[in-house]
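Student: Mapping of the sequence shown onto UniProt numbering: position 463 corresponds to residue 463, and the numbering continues sequentially without gaps. Glycine is no exception: its CB is placed at the ideal position from the N, C-alpha and C atoms. Dumping the structure here so I can ask a few things about it.
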Amino acid sequence: MFVVPASQHGQHGVHSPSKFVVDVWLVIMKYLSVLDIVRLGSTCQTLHEFASLRHVWRDVLFQHRFLDQCYPHLRSCTAEDIRHQLKTAARLDHLWTQSSIVPKRLYTFPLDFPGVFQGLKFLPGGTWLVLLFHCRNLNPSRHSNLCLVKPSTGAGFPAVSTTFQSEMCWLPFLDQDGPYRSSRGDNLILLRTKCNDGSNAFGIVHLNTKIPSITIPLIFRTNVFVRNYAASGDYIVYGWITADRRHFLRIMQLNDNYDGFRKDMTVEIDCPKGHDGKLRIRYDLRLSGRVPCILLISTRLMAAYNIPSNVPNNVDANLPPLLTPFWQLRPAAVTFGRFVKLFHEGAIVSLYEGQIRFIRPHLDASEPNTYAIEKYNFDPPHPQNLQRPCLFSAQRIFWRSSLKNQKGTTSPWQMTIETSGVSENVHREGRVLIDLQETQTSAPSASTRIVQDWDELSGRLCIRSIQSRFAQDPRCRKTTWRVTLVDFV
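Below you can see the structure in the form of structure tokens.
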């Protein structure tokens, strides 16, 4: 904690601007934490002006371990917005060092929609939710419906929602679909589906929270067998492998209206033998560095490739440029382990020999092929079953584990959410986050809670509850949905 020395409270007075040299204080603030800079700015008017400079908070943002990487749109935000997000992240990091975490407030509301649930996610900032569902009653062709929801969080904050019926039937949300922010600060999400003719279709969804409205300004298709894809900022990339084991990528950059591409190129990437077809491939985009780049991740290789800026738009599709990796990492053993989650910027979570491991590439380091590996152990119950409703997001882990009563049996109406955070060189154990208990009703029912989504920018957790009455008889089964928003800061 920074404290202004008492010697400064003398005959000169701390409020005299002439006694402060701005360059000296800017150097001092580089060595202070986020909360210390805030405290320093509250000591006097002059220091408040120094601590409100935008480049001060941009420097702090660049030094943060993941905010600048996971949310590159923050670079173009105002000083107040950057300061707010850094304060939120600092307060969350402090909470995750406690023996137990007590939420600040909870909001619960019903999620009523006449269809099949396909996904529910936060928009960056945690104020809005986007819901994807299918409904044959609303849409006889079973095309998808998108709903943008701003839930009520108390008196004076009414709920707002808008619904959009798409002309296509989209697949459920995946992690790489978003939502994410473009370079202009707009909320986008990428949808994909499989068409009847065997082609793959992708759609760019613009989620406007000011009106609010939902539009799909761009839909594009490809006939190749897409191994995987990624989207972030203004970039979209997908890859495929030919019969002669050549690995190709299509790199697209959206224009300002999101209805076309400013840049559209096809490149070939240089992969070592054994990593060009049989292994599961994942991609990620890194836009926070000096040059945007693509990361290729498999269980036996991590590699990074710079996105070229001077390649003509498909001048010769038969001879695309060959990209070579400027950074790569191979496991010390045979494999990195079973992949559980891929964060933005290529940081991965894997399960290897009973341990959760975080592998983070350091692409801007002065030494080549620099990385960090952090290992975590968890007290029972171990998160061995890492399928849903386990959630890994923004380098924090949430998973569900059932409580046991005094007889040692698991009650379906009791559930514990445990959590752990990723920090610099600090060993973490699993901890109880929140204890959710329900009492059994008179009518037969089965209740399930799913850790649905986490928003790092607001420190808000979304929990989705599914309750089925008459669960033993499918003909009489009635399902109700509820959403609980948990605020920590």
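Taking D364 as the reference, which of I82, R290, Q467 has the closest Cα?
Tutor: Working through the sequence shown from its first residue, we reach residue 364 at position 364. Ranking I82, R290, Q467 by Cα distance to D364 puts R290 first.
Student: How is P72 classed by DSSP in three states: helix, strand or coil?
Tutor: Your numbering for residue 72 matches position 72 in the sequence shown. Three-state DSSP puts P72 in a helix.
Student: Compare the C-alpha of I348 against each of V334, H84, A303, E367 and name the closest.
Tutor: Taking the sequence shown and counting its residues from 1, one reaches residue 348 at position 348. Among V334, H84, A303, E367, the Cα nearest to that of I348 belongs to A303.
Student: Please report how far the alpha carbon of G459 lies from the alpha carbon of Y71, in whole angstroms.
Tutor: Translated into positions along the sequence shown, residue 459 becomes position 459. Translated into positions along the sequence shown, residue 71 becomes position 71. C-alpha separation (whole angstroms): 14 Å.
Student: Can you give me the C-alpha to C-alpha distance between L86 and W57, rounded to a whole angstrom?
Tutor: Taking the first residue of the sequence shown as 1, we reach residue 86 at position 86. Taking the first residue of the sequence shown as 1, we reach residue 57 at position 57. Their Cα atoms are separated by approximately 8 Å.
Student: Comparing C-alpha positions only, which one of N196, S182, S161 sits nearest to M168?
Tutor: Mapped onto the sequence shown, residue 168 falls at position 168. When each option's Cα is compared against that of M168, the closest is N196.
Student: Under DSSP, the alpha helix (DSSP H) around R330 begins and ends at which residues?
Tutor: The residue given as residue 330 occupies position 330 in the sequence shown. Segment: none, R330 is in no alpha helix (DSSP H) and carries neither H nor E.
Student: Report all residues from its chain with a CB closer than 7 Å to the CB of P201; omit the five preceding and five following residues, and keep chain order.
Tutor: Position 201 of the sequence shown, counted from the first residue, corresponds to residue 201. The residue asked about is misnamed: residue 201 is Ala in this sequence, not Pro. Here the set comprises M168, R192, T193, C195, I219, R221.
Student: Let me know the secondary structure DSSP gives E374 once reduced to three states.
Tutor: For the purposes of this step, residue 374 is taken as the residue at position 374 of the sequence shown. Strand, per DSSP.
Student: Got a sec, what are the start and stop residues for the alpha helix (DSSP H) E49 sits in?
Tutor: Sequence index remark: in the sequence shown, residue 49 carries index 49 (1-based). Here the alpha helix (DSSP H) through E49 covers 45-51.
Student: So, helix, strand or coil for V451, using DSSP?
Tutor: Numbered from 1 along the sequence shown, position 451 holds the residue referred to as residue 451. Three-state result, V451: strand.
Student: Is it true that the CB of I463 sits closer than 7 Å to the CB of T480?
Tutor: Residue 480 sits at position 480 when you count from the first residue of the sequence shown. Residue 463 sits at position 463 when you count from the first residue of the sequence shown. No, the pair does not count as a contact, with Cβ atoms beyond the cut-off.
Student: What residue from L301, D186, F225, N228 has the CA that sits closest to S213's CA?
Tutor: For the purposes of this step, residue 213 is taken as the residue at position 213 of the sequence shown. The candidate whose alpha carbon is nearest that of S213 is D186.
Student: Report yes or no: do three or more beta-carbon pairs, one from the stretch 25-43 and one from the stretch 248-256, lie closer than 8 Å?
Tutor: no
Student: Give me the Cα-Cα distance between residue 492 and P331, rounded to the nearest whole angstrom.
Tutor: Residue 492 falls outside the range modelled here, since the chain spans only 1 to 489, and no answer is possible.
Student: Could you tell me the distance, in whole angstroms, from the CA atom of N310 to the CA atom of R286?
Tutor: Here residue 310 refers to the residue found at position 310 when the sequence shown is read from its first residue. Here residue 286 refers to the residue found at position 286 when the sequence shown is read from its first residue. Each residue's Cα considered, the two are about 18 Å apart.
Student: Flag this pair as yes or no: are the beta carbons of D453 and K121 separated by less than 7 Å?
Tutor: For this step, residue 453 is matched to residue 453 along the sequence shown. For this step, residue 121 is matched to residue 121 along the sequence shown. Against a cut-off of 7 Å, the Cβ pair of K121 and D453 comes out as a contact.
Student: Can you look up M168 in the DSSP assignment and give me helix, strand or coil?
Tutor: Indexing the sequence shown from 1 puts residue 168 at position 168. Of the three classes helix, strand and coil, the one that applies to M168 here is coil, per DSSP.
Student: Where do the N-terminal and C-terminal ends of the beta strand (DSSP E) with L287 fall, by residue?
Tutor: Residue mapping note: residue 287 aligns to position 287 of the sequence shown, counting from 1. Here L287 belongs to no beta strand (DSSP E), and DSSP marks it neither H nor E.
Student: Per DSSP, what kind of secondary structure is S99 in: helix, strand or coil?
Tutor: Counting from one through the sequence shown, the residue named residue 99 turns up at place 99. Here S99 sits in coil by DSSP.
Student: Secondary structure at D177, three-state DSSP: helix, strand or coil?
Tutor: Residue 177 sits at position 177 when you count from the first residue of the sequence shown. Looking at D177 - three-state DSSP - the assignment turns out to be helix.
Student: Look at the alpha carbon of Q98 and the alpha carbon of R396, and state the distance between them as a whole number of angstroms.
Tutor: Mapped onto the sequence shown, residue 98 falls at position 98. Mapped onto the sequence shown, residue 396 falls at position 396. If you take the alpha carbons of Q98 and R396, they lie about 14 Å apart.
Student: Grab the span of the alpha helix (DSSP H) containing D23 for me, first residue to last.
Tutor: Here residue 23 corresponds to residue number 23 of the sequence shown, with the count starting at 1. 22-29 is the extent of the alpha helix (DSSP H) around D23.
Student: Per DSSP, R184 is paired with what?
Tutor: Your numbering for residue 184 matches position 184 in the sequence shown. As computed with DSSP, R184 is found in no beta bridge at all.
Student: In chain order, which continuous runs of the beta strand (DSSP E) of length 3 or greater are located wholly inside the stretch 223-278?
Tutor: 228-232, 235-241, 247-254, 261-269
Student: Who are the near neighbours of T209 in its chain, counting only those whose CB is closer than 6 Å to its CB and skipping five residues on each side?
Tutor: Sequence index remark: in the sequence shown, residue 209 carries index 209 (1-based). W128.
Student: Grab me the residues of V426's own chain with a C-beta within less than 7 Å of its C-beta, minus the 5 sequence neighbours each way, in chain order.
Tutor: Counting from one through the sequence shown, the residue named residue 426 turns up at place 426. A caution first: V426 carries a pLDDT of 47, below 50, which makes its placement in the model unreliable, though a value can still be read off. Cβ within range, chain order: n/a, list empty.
Student: Would you decide whether H362 is buried or exposed? Buried here means 16 or more other CB atoms lie within 10 Å of its CB.
Tutor: Here residue 362 corresponds to residue number 362 of the sequence shown, with the count starting at 1. By the neighbour-count rule (16 or more Cβ atoms within 10 Å), H362 is not buried but exposed.
Student: Quick one: Cα of K407 to Cα of T448, how far?
Tutor: As a first step, residue 407 is located in the sequence shown; it is residue number 407 there, counting from the start. As a first step, residue 448 is located in the sequence shown; it is residue number 448 there, counting from the start. Low per-residue confidence applies at K407: pLDDT is 44, beneath 50, and the placement is therefore not dependable, though the value from the model is reported in the following sentence. Roughly 21 Å between the two C-alpha positions.
Student: Tell me whether L190 sits in a helix, a strand or coil according to DSSP, three-state version.
Tutor: What you label residue 190 is simply residue 190 of the sequence shown in a count that begins at 1. DSSP places L190 in strand when its eight states are reduced to three.
Student: DSSP on D93, reduced to helix/strand/coil?
Tutor: Residue 93 sits at position 93 when you count from the first residue of the sequence shown. Three-state DSSP puts D93 in a helix.
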